[in-house]
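Chains as they are written, first to last, in the numbering used here: chain A, 165 to 665; chain B, 165 to 665.
Heads up: the structure comes next, in structure tokens.
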């Protein structure tokens with residue numbers, strides 16, 4: 165039986181090699197590839213992905229998984245071996261339900277649709293993308309229908325990134341959260357606006373990058389097993405547990421862009437760098453879910469990186485790096501500037517408090533489209549209407565409206581956005597447990613020390629990789645189910661103080 | 165029949181995608197990969213290569229090639245279609261003779277042997293590498309024996325990089341060349357030594373790189389379809405005809421290292437960038453042979469880049485870039501410095517005249533080892549003995565002796581070195597034809613113009629990719645077989661003048 169288990173691992177590792185290779189090609193495309201490389205690169209990545217898919221849905225893998233059922237039943241549920249078989253089986257059972265021809269067709273469509281979006285967005289030309297989006301919606305519904313028996317048509321799509329989550333669960337959590345957020349945003353925006361001019365000065369690129377790298381090295385991001393490069397849309401990518409890279413972009417007139425994207429992506433990176441090395445090359449060498457992954461990027465970016473304690477230590481260093489810009493700016497003014505709350509149009513630029521309202525709008529629109537209650541033609545106006553009702557703003561054009569996010573233009577409609585807000589909620593929830601176990605964490609942060617927090621996160625979350633689902637992790641770590649209270653308490657505490665509510 | 169041809173192309177393109185992906189991984193390993201990525205990267209590249217090999221030796225490819233025999237016979241020999249089938253058949257017939265298990269075993273051995281060399285070389289520890297080399301020699305003989313009927317046991321190994329060439333052909337050419345070189349080197353070294361201090365000053369890295377990039381852009385290297393990065397051992401690599409990259413290394417105390425390696429690799433790169441785009445993704449989108457490839461790197465590096473005419477145009481620009489170092493140095497002194505001839509120990513640092521003597525030593529030792537006339541234990545001393553007799557020098561240790569080149573430690577023994585000298589010979593041969601067709605090329609070079617030369621090379625060599633063998637190309641371009649006379653005339657003319665012989 166151990167021989168069959170080794171054979172399963174060998175096959176999964178070969179598939180992982182193909183997927184990791186595709187990731188290298190994709191990273192290169194986003195960082196260093198010259199323009200002439202684009203055409204062939206798309207084809208090369210498609211070849212690698214479809215070979216990986218072909219090898220994964222091989223009947224032999226199904227047979228191995230069947231044969232290993234008894235072996236798995238005799239193992240401890242928490243063991244690496246049982247978890248590997250369990251996770252591989254779940255992935256396999258999902259993968260075989262989706263015809264390879266459909267996958268290839270969808271990937272081709274998504275790649276073309278992405279190219280069209282990149283061209284049409286600067287020209288504010290939603291009309292040009294309507295047919296693509298209709299096809300995307302049609303195929304998203306087709307995808308869901310490969311998994312009959314769902315409660316809501318979005319469930320199979322959500323399950324893809326946040327396994328085990330259902331639309332109804334998320335709707336319940338989001339509506340609880342919204343009830344708290346709306347009055348909070350209202351109360352904040354009734355106060356005097358914060359001055360964020362200190363961060364909106366001229367900051368040279370090299371100095372910005374150097375500062376960010378010092379901070380994330382202090383966090384515990386390991387540059388021996390990673391690196392940072394520049395790109396247009398920041399991301400984290402993993403080629404192996406020894407090579408987890410991050411990217412960023414720099415705005416020389418806004419300090420916060422590169423800095424907080426660096427802390428954010430480093431959070432994702434530290435998660436993957438912290439996975440137990442014995443899981444290397446298997447489907448367990450991955451994050452648990454999109455929500456859990458985002459919880460870590462948001463923890464290091466916001467809970468740590470936008471906290472007053474953190475800046476008590478780092479602000480003097482930042483002032484030293486940028487004396488011209490900051491020598492005259494008090495810590496408190498800087499702290500308020502990087503935590504300015506305001507209703508705005510762009511999700512990725514939004515502050516911690518309003519951010520979730522952006523996510524909820526997208527999530528609700530996804531559900532409506534999938535339910536057939538919102539036509540693609542009516543999407544731009546539905547977008548504007550929701551922004552007006554939820555944020556009191558109307559974008560001057562679709563560029564800053566329905567065209568702003570790439571997700572629907574490069575992937576399915578459904579399942580793409582909920583992870584961001586789940587991440588905020590989970591980040592606060594896990595952080596609460598970390599504090600319970602180690603009450604001196606905030607004090608350490610005030611001294612630029614992150615070992616205790618990082619070690620706790622590694623031990624309780626990172627090292628497990630994808631052994632456990634988000635629900636299982638939450639139960640293990642907090643002893644109960646998902647709760648929004650710690651997140652609400654965090655927001656109210658922090659912003660109540662800043663805005664003297 | 166056209167359908168079968170398309171099916172063959174589709175399969176070959178998938179294989180090319182795998183090989184190109186492996187090339188991206190290898191480039192990344194040599195440029196940006198953090199140390200932690202090494203272990204998994206080796207495995208990933210091995211997975212890609214063995215999948216490519218597996219797909220290439222698929223019986224279905226053999227069947228398609230058989231079925232297409234009649235179709236091929238009806239086509240013009242020079243057509244892209246006939247050339248593709250012809251080349252694919254040659255490659256296929258070679259590939260199926262080598263068992264996949266042997267390939268995997270050899271790749272694993274070569275990777276381990278390379279690692280050991282990298283560790284043992286700085287410690288001058290040849291002993292530690294003896295067993296590896298014995299195995300390499302054993303496997304090189306095994307490889308040759310997969311191709312029974314050879315005239316010399318090195319022939320199948322030579323055929324791998326210089327298709328159609330035999331040891332006896334090369335021995336004949338090399339001995340003719342040696343007869344000319346030995347007295348030339350003797351005569352030169354009797355003259356007063358040239359002063360190369362002008363190039364051995366402090367030159368900042370960024371300025372060196374910037375200058376080299378300006379020159380190769382003028383040559384016609386296309387940065388829209390390529391880029392230059394830093395590495396330890398400079399190389400050129402192609403991911404597609406739209407993405408042909410070069411690398412270099414910089415010595416801040418020697419101007420010539422990065423500069424001439426840049427011109428050299430750009431020559432390789434321009435060859436591949438010049439291949440007809442309709443050949444993309446097929447086995448024809450490649451150089452013709454290692455000798456032909458090297459002819460182009462050496463042409464742009466030496467025939468053009470170390471010529472007096474070239475520097476008449478570029479030296480004032482170089483002086484402007486490095487006024488402190490060069491303002492007081494005359495063009496003539498600089499020209500002589502970059503063309504200094506001296507007997508030396510290291511092949512890669514050797515000048516144009518003595519370079520080939522280094523190659524011949526290695527080529528002869530390879531043959532002796534394969535013939536069983538030289539044992540691995542005796543190799544270091546055989547190396548020293550040849551350097552003493554041919555160059556009058558003895559390396560103080562094996563570091564600058566038999567340990568200096570990676571080739572035998574990372575590949576087969578046999579077939580690895582002849583291409584360098586063939587390249588020198590072919591470069592001069594092709595250049596002679598270019599001059600015959602366009603006598604004003606030297607004058608254009610004196611004005612920093614390379615269009616006529618570049619266009620002629622593209623039209624007569626580059627665009628054909630691997631459609632023709634080296635012999636076919638030589639016949640097409642020069643109307644006759646390989647001759648060493650143009651190369652001898654080039655060396656005697658140039659160095660006779662510099663050294664006033």
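C-beta atoms are modelled at their ideal positions from N, C-alpha and C, and glycine is treated no differently.
The model shown is predicted, which means the values in this text are computed figures rather than measured ones.
6 angstroms CB neighbourhood of residue i in its chain, flanking five on each side removed
i: residue 424 of chain B; result: 465
i: residue 470 of chain B; result: 502, 503
i: residue 511 of chain B; result: 522
i: residue 253 of chain A; result: 229
i: residue 638 of chain B; result: 646
i: residue 310 of chain A; result: 261, 262
Given residue i as reference, the closest of the options once Cα atoms are compared
i: residue 457 of chain B; options: B/586, B/170, B/649; result: B/586
i: residue 418 of chain B; options: B/448, B/580, B/389, B/371; result: B/371
i: residue 602 of chain B; options: B/274, B/615, B/476, B/507; result: B/615
i: residue 386 of chain B; options: B/340, B/439, B/197; result: B/439
i: residue 397 of chain B; options: B/415, B/388, B/405, B/451; result: B/415
i: residue 579 of chain A; options: A/531, A/246, A/382, A/379; result: A/531
i: residue 262 of chain A; options: A/445, A/305, A/549; result: A/305
i: residue 174 of chain A; options: A/198, A/205, A/248; result: A/248
i: residue 134 of chain B; options: B/404, B/455, B/449; result: Here chain B covers residues 165 to 665 and nothing more, so residue 134 of chain B does not appear.
i: residue 571 of chain B; options: B/269, B/281, B/517; result: B/281
Span separating the alpha-carbon of residue i from that of residue j
i: residue 313 of chain A; j: residue 320 of chain A; result: 10 angstroms
i: residue 222 of chain B; j: residue 172 of chain B; result: 11 angstroms
i: residue 332 of chain A; j: residue 180 of chain B; result: 47 angstroms
i: residue 287 of chain B; j: residue 567 of chain B; result: 10 angstroms
i: residue 538 of chain A; j: residue 556 of chain A; result: 22 angstroms
i: residue 347 of chain B; j: residue 432 of chain B; result: 31 angstroms
i: residue 654 of chain A; j: residue 214 of chain B; result: 53 angstroms
i: residue 665 of chain A; j: residue 656 of chain A; result: 9 angstroms
i: residue 584 of chain A; j: residue 519 of chain A; result: 9 angstroms
i: residue 542 of chain B; j: residue 315 of chain B; result: 26 angstroms
i: residue 235 of chain A; j: residue 636 of chain A; result: 22 angstroms
i: residue 552 of chain A; j: residue 558 of chain A; result: 6 angstroms
Buried or exposed (CB count within 10 angstroms, at least 16 for buried), residue i
i: residue 484 of chain B; result: exposed
i: residue 338 of chain B; result: buried
i: residue 474 of chain B; result: buried
i: residue 240 of chain B; result: exposed
i: residue 442 of chain B; result: exposed
i: residue 336 of chain A; result: exposed
i: residue 238 of chain B; result: exposed
i: residue 328 of chain A; result: exposed
i: residue 533 of chain A; result: buried
i: residue 524 of chain B; result: buried
i: residue 729 of chain B; result: Within the shown structure, residues of chain B are numbered from 165 to 665, placing residue 729 of chain B beyond reach of any answer.
i: residue 561 of chain A; result: exposed
i: residue 460 of chain A; result: buried
i: residue 650 of chain B; result: buried
Whole-Å CB distance - residue i paired with residue j, under 8 angstroms assumed
i: residue 573 of chain B; j: residue 325 of chain B; result: About 17 angstroms separates the two Cβ atoms, so there is no contact after all.
i: residue 663 of chain A; j: residue 350 of chain A; result: Their Cβ separation, rounded to whole angstroms, is 11 angstroms, which puts residue 663 of chain A and residue 350 of chain A out of contact at 8 angstroms.
i: residue 271 of chain A; j: residue 216 of chain A; result: The pair is not a contact, with the Cβ atoms about 12 angstroms apart (cut-off 8 angstroms).
i: residue 577 of chain B; j: residue 298 of chain B; result: Going by Cβ atoms, the distance from residue 577 of chain B to residue 298 of chain B rounds to 10 angstroms, so no, they are not a contact pair.
i: residue 265 of chain B; j: residue 402 of chain B; result: The pair is not a contact, with the Cβ atoms about 29 angstroms apart (cut-off 8 angstroms).
i: residue 189 of chain B; j: residue 205 of chain B; result: 6 angstroms
i: residue 478 of chain A; j: residue 358 of chain A; result: That pair is no contact at about 20 angstroms.
i: residue 192 of chain A; j: residue 393 of chain B; result: Wrong, their Cβ atoms sit about 11 angstroms apart, outside the cutoff.
Close beta carbons around residue i, own chain, < 7 angstroms, minus the five adjacent residues each side
i: residue 227 of chain B; result: none
i: residue 605 of chain A; result: 598, 599, 616, 617
i: residue 384 of chain A; result: 434, 614, 618
i: residue 290 of chain A; result: 544, 562, 566, 567
Close Cβ partners of residue i (< 8 angstroms) along its chain, the five nearest in sequence each way excluded
i: residue 361 of chain B; result: 501
i: residue 259 of chain B; result: 217, 220, 221
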